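Below: one structure, written as structure tokens.
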Ligand code: HEC
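Rendered as structure tokens:
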């Protein structure tokens, strides 16, 4: 009888452990999905903001800005009036949307660690060439997809979130991108946004530790309860026998 009870207790403990572990995994999985949803929304907002600013710039056919050491004329921009001299003799240069995107992304990188890149499979500026994951995304855009999302882990175990969407050729682009390759509505390239996941879901890490501790507590309590009940039952049956 006592042996049977021990087996029963052990089986119950195993079922309890497996059940609790499965519920815990489910919660972790849901947390990860939530973190991913937050990251997608964050990246989408950054992307959309950049696209809106670019459109404002493109609608003006570029924007003139004072030349200084951080803002030299763009050697890849070959429009006739690229550089002009203002009435007081200052030198102004035309900033095209891609040049503006590059300068803004340097600020984002410095302030928030987010890397924003403008790239194309057929770039005018060689440094705008895609890195392998961007090239993969750009090829998918050409096959009809309009969103690329994934995550990668670096050498120190940090997860980097990667997001990319295409840039479509509009009327305003044709002034500068009038080459035969550029068709209205076609894909000219894309904007990629990547950042370490911890930069937006830091609280989640401490939240997860708390959840782990709570689950551990519940698990131990369950085991103690099963053991206690079996022990009490054993004493009771022993008494009845007497
Ligand atoms: C005022 C001229 C101008 C306008 C308007 C303009 N571009 Fe560009 N664009 C350029 C130049 C010059 C480059 C390449 C050098 C660089 O990075 O600045 C470029 C680069 C790019 C790149 C990066 C890849 C590469 O070729 O180096 C993409 C993508 C792009 N443009 C898309 C667009 C789209 C889409 C529009 C319309 C919304 C647009 N551009 C409007 C001048 C322009």
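In the working numbering, the protein residues as written are 4 to 245. Where is the CB? At the ideal position from N, CA and C, for every residue including glycine. Only a predicted model underlies this, so the values are computations on that prediction, with no experimental measurement involved.
#1: Roughly how many angstroms lie between the CA atoms of residue 146 and residue 196, to the nearest whole one?
#2: In the DSSP assignment, the alpha helix (DSSP H) including residue 9 goes from what residue to what residue?
#3: Taking DSSP's pairing of strands, which residues face residue 187 in a bridge?
#4: By how many angstroms is the C-alpha of residue 61 removed from the C-alpha of residue 162?
#5: Can you round the beta-carbon distance between residue 79 and residue 120 to whole angstroms, since I take them to be within the 8 Å contact cut?
#6: Label residue 246 either buried or exposed according to how many other C-beta atoms from any shown protein chain fall within 10 Å of its C-beta, with 16 as the threshold for buried.
#7: How would you write the range of the alpha helix (DSSP H) that residue 110 sits in, first residue to last?
#8: Do residue 203 and residue 45 come within 8 Å of each other at the CB atom, strictly closer than that value?
#9: What are the boundary residues of the alpha helix (DSSP H) that residue 144 is part of?
#10: Evaluate residue 72 with the Cβ neighbour count: other Cβ atoms within 10 Å of its Cβ, from every protein chain shown; 16 or more gives buried, anything less gives exposed.
#11: Taking 8 Å as the cut-off, does the region 164 to 182 touch the region 46 to 60 (at least 3 CB pairs, one atom from each stretch)?
#12: Taking only three categories from DSSP, how would you classify residue 198?
#13: Taking the C-alpha atoms as reference points, what is the distance between residue 10 and residue 16?
#14: Where does residue 191 land, buried or exposed, given buried means 16+ other C-beta within 10 angstroms?
#15: Skipping 5 residues on each side, what residues in its chain have a beta carbon closer than 7 Å to that of residue 240?
#16: Classify residue 100 as buried or exposed, calling it buried when 16 or more other Cβ atoms lie within 10 Å of its own Cβ.
#17: Is residue 76 helix, strand or coil when you go by DSSP?
#18: Is the region 19 to 31 touching the region 215 to 230, taking contact as three or more C-beta pairs under 8 Å?
#19: Within this structure, are the beta carbons of residue 200 and residue 154 separated by less than 8 Å?
#20: Which same chain residues end up closer than 8 Å to residue 107 when comparing Cβ atoms and leaving out the 5 residues on each side of it in sequence?
#21: Note down the Cα distance separating residue 110 from residue 156, rounded to an integer number of angstroms.
#22: So which of 170, 213, 20, 38 has the shortest CA-CA distance to residue 122?
#23: What first and last residue would you give for the beta strand (DSSP E) that runs through residue 169?
According to the data block:
#1: For the purposes of this step, residue 146 is taken as the residue at position 143 of the chain shown. For the purposes of this step, residue 196 is taken as the residue at position 193 of the chain shown. In this structure, the alpha-carbon of residue 146 lies about 21 Å from that of residue 196.
#2: Residue 9 sits at position 6 when you count from the first residue of the chain shown. From DSSP, the alpha helix (DSSP H) with residue 9 extends over 5 to 62.
#3: In the chain shown, residue 187 corresponds to position 184, counting from 1. None; residue 187 has no bridge partner.
#4: Position 159 of the chain shown, counted from the first residue, corresponds to residue 162. Position 58 of the chain shown, counted from the first residue, corresponds to residue 61. Residue 162 and residue 61 have their C-alpha atoms spaced approximately 35 Å apart.
#5: Here residue 79 refers to the residue found at position 76 of the chain shown. Here residue 120 refers to the residue found at position 117 of the chain shown. About 16 Å; that fails the 8 Å criterion.
#6: Residue 246 cannot be examined here, being either before or after the span of the chain that is shown, 4 to 245.
#7: Residue mapping note: residue 110 aligns to position 107 of the chain shown, counting from 1. Run containing residue 110: 100 to 115, per the alpha helix (DSSP H) assignment.
#8: Taking the first residue of the chain shown as position 1, residue 45 is located at position 42. Taking the first residue of the chain shown as position 1, residue 203 is located at position 200. Cβ distance < 8 Å, so residue 45 and residue 203 count as in contact.
#9: Locating residue 144 in the chain shown gives position 141, counting from the first residue. Where residue 144 is concerned, the enclosing alpha helix (DSSP H) starts and stops at 135 to 145.
#10: For this step, residue 72 is matched to residue 69 along the chain shown. Burial check for residue 72: the Cβ neighbour count within 10 Å stays below 16, so the residue is exposed.
#11: Short answer: they touch.
#12: Indexing the chain shown from 1 puts residue 198 at position 195. Here residue 198 sits in strand by DSSP.
#13: Counting from one through the chain shown, the residue named residue 10 turns up at place 7. Counting from one through the chain shown, the residue named residue 16 turns up at place 13. Taking the Cα positions, residue 10 is about 10 Å away from residue 16.
#14: What you label residue 191 is simply residue 188 of the chain shown in a count that begins at 1. Answer is buried; the Cβ neighbour count reaches 16.
#15: Within the chain shown, residue 240 is the residue found at index 237, counting from 1. Taken in chain order, the residues that qualify are 4.
#16: Against the chain shown, residue 100 aligns to sequence position 97. Around the beta carbon of residue 100, 16 or more other beta carbons lie within 10 angstroms, which makes this residue buried.
#17: On the chain shown, position 73 is the one that residue 76 refers to. DSSP, reduced to helix, strand and coil, places residue 76 outside both helices and strands of the structure shown, so it counts as coil.
#18: Yes, the region 19 to 31 touches the region 215 to 230.
#19: Residue 200 sits at position 197 when you count from the first residue of the chain shown. Residue 154 sits at position 151 when you count from the first residue of the chain shown. Result yes, Cβ atoms of residue 200 and residue 154 sit closer than 8 Å.
#20: For the purposes of this step, residue 107 is identified with residue 104 of the chain shown, where counting begins at 1. Within the same chain, residue 107 has close Cβ partners 53, 56, 119.
#21: Taking the chain shown and counting its residues from 1, the one referred to as residue 110 is at position 107. Taking the chain shown and counting its residues from 1, the one referred to as residue 156 is at position 153. Approximately 24 Å, taken between the alpha carbons.
#22: As a position in the chain shown, residue 122 is number 119, starting the count at 1. For residue 122, the nearest C-alpha among the options comes from 170.
#23: Stepping through the chain shown from its first residue, residue 169 is reached at position 166. Counting along the chain, the beta strand (DSSP E) containing residue 169 begins and ends at 162 to 171.
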